[in-house]
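**Student:** Sharing a structure here in structure tokens format.
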DNA sequence: CTCCGGACTG
DNA sequence: CAGTCGGGAG
């Protein structure tokens with residue numbers, strides 16, 4: 636028994652905003668680095684860090700792994716939590732080189748559930764980052780939940796506010812067709828809606844594309 | 001001053 | 001559960 640509102644909301648948002656072209660990035664590795672750097676951080680600040688890494692020619696697993704933590708931290712400073720995130724990037728690279736010979740393809744080609752568990756075992760990669768990597772770097776059918784998702788769906792009385800991550804993820808997935816492009820756009824559209832209309836403080840409900848639902 | 005495309009530790 | 005990490009933009 637599907638709840639038609641989940642797909643309906645997507646249709647409304649897509650009609651209002653169109654394709655969002657996520658994830659911005661030239662390679663799966665760039666997507667992964669961005670996913671870790673953007674944790675609780677505005678994307679604009681992350682893009683500066685990514686550009687720094689590119690300018691220094693270290694945006695590859697090998698080069699980044701060989702970079703001292705202190706140097707890495709200075710390059711990603713604009714993303715905030717830079718000491719913490721330098722370690723988190725290194726934690727990821729440790730697994731990539733110890734388990735997959737530094738070969739991203741080898742890591743990402745694993746079956747979905749296996750890959751998700753591998754990622755979640757890395758300190759610094761939680762459920763949202765893992766799902767972002769799965770979907771946007773690995774092309775896996777894994778819906779990404781974030782704070783906006785919870786806020787929008789609970790404000791529309793579709794879920795309880797405190798619904799745990801995995802339950803919210805499953806609720807959405809079971810009410811949507813299993814389509815990669817749909818998962819990709821939906822999360823991006825939710826982020827856009829959250830920023831423009833469903834803010835915590837001063838929501839613009841009267842102007843929101845899904846105000847009728 | 002608050003908020004951001006979270007996650008870990010105590 | 002709360003505290004911590006943190007620069008950048010509004």
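Numbering (my numbering), first residue to last: 636 to 848. Every residue, glycine too, gets a C-beta built ideally from N, C-alpha and C. All values derive from a computational prediction rather than experimental measurement.
1) Taking only the alpha-carbon atoms, compute the straight-line gap between residue 697 and residue 777 and give it to the nearest angstrom.
2) For residue 774, collect the residues of the same chain with a Cβ closer than 7 Å to its Cβ; drop the 5 residues on either side in sequence, then sort them by chain order.
3) Whose C-beta lies closer than 7 Å to the C-beta of residue 717 among residues of the same chain, with five residues either side of it excluded?
4) Using 10 angstroms around the beta-carbon of residue 650, count the other beta-carbons present and answer buried if the total reaches 16, otherwise exposed.
5) Three or more C-beta pairs closer than 8 Å, one from the region 781-791 and one from the region 686-693: is that the case here?
6) What alpha helix (DSSP H) runs, 4 residues minimum, are completely inside the region 717-752?
7) What separation, rounded to the nearest whole angstrom, lies between the Cα atoms of residue 803 and residue 683?
8) Roughly how many angstroms lie between the CA atoms of residue 738 and residue 837, to the nearest whole one?
9) Reducing DSSP to helix, strand and coil, say where residue 658 ends up.
10) Between 741, 647, 681, 639, which has its C-alpha nearest residue 844's C-alpha?
11) If I measure Cβ to Cβ from residue 654 and keep anything under 8 Å in the same chain, skipping five residues before and after, which residues do I get?
12) Flag this pair as touching only if the region 758-769 and the region 664-673 have three or more C-beta atom pairs under 8 Å; answer yes or no.
13) Rounding to the nearest angstrom, what Cα-Cα distance links residue 800 and residue 763 in this structure?
14) Specify whether the region 722-729 and the region 738-751 touch according to this definition: at least 3 beta carbon pairs, one from each stretch, less than 8 Å apart.
15) Can you give me the C-alpha to C-alpha distance between residue 699 and residue 719, rounded to a whole angstrom?
16) Since residue 784 and residue 848 are thought to touch, with beta carbons under 8 Å apart, how far apart are those beta carbons, to the nearest angstrom?
17) With a CB to CB cut of under 7 Å and the five nearest residues on each side skipped, what residues in its chain are close to residue 728?
18) Only counting the same chain, and skipping five residues up and downstream in sequence, which positions put a Cβ closer than 8 Å to that of residue 794?
**Tutor:** A quick look at the data gives this:
1) For residue 697 and residue 777, the distance between alpha carbons rounds to 27 Å.
2) 815
3) 708, 711
4) exposed
5) no
6) 717-735, 739-743
7) 32 Å
8) 45 Å
9) Coil.
10) 647
11) 820
12) yes
13) 8 Å
14) no
15) Rounded to whole angstroms, residue 699 to residue 719 spans 15 Å at the Cα level.
16) Residue 784 to residue 848, Cβ: 15 Å. No contact.
17) Scanning its chain for C-beta atoms nearer than 7 Å, with the 5 sequence neighbours on each side dropped, one finds around residue 728 the residues 696, 699, 700, in chain order.
18) 785, 788, 803, 806
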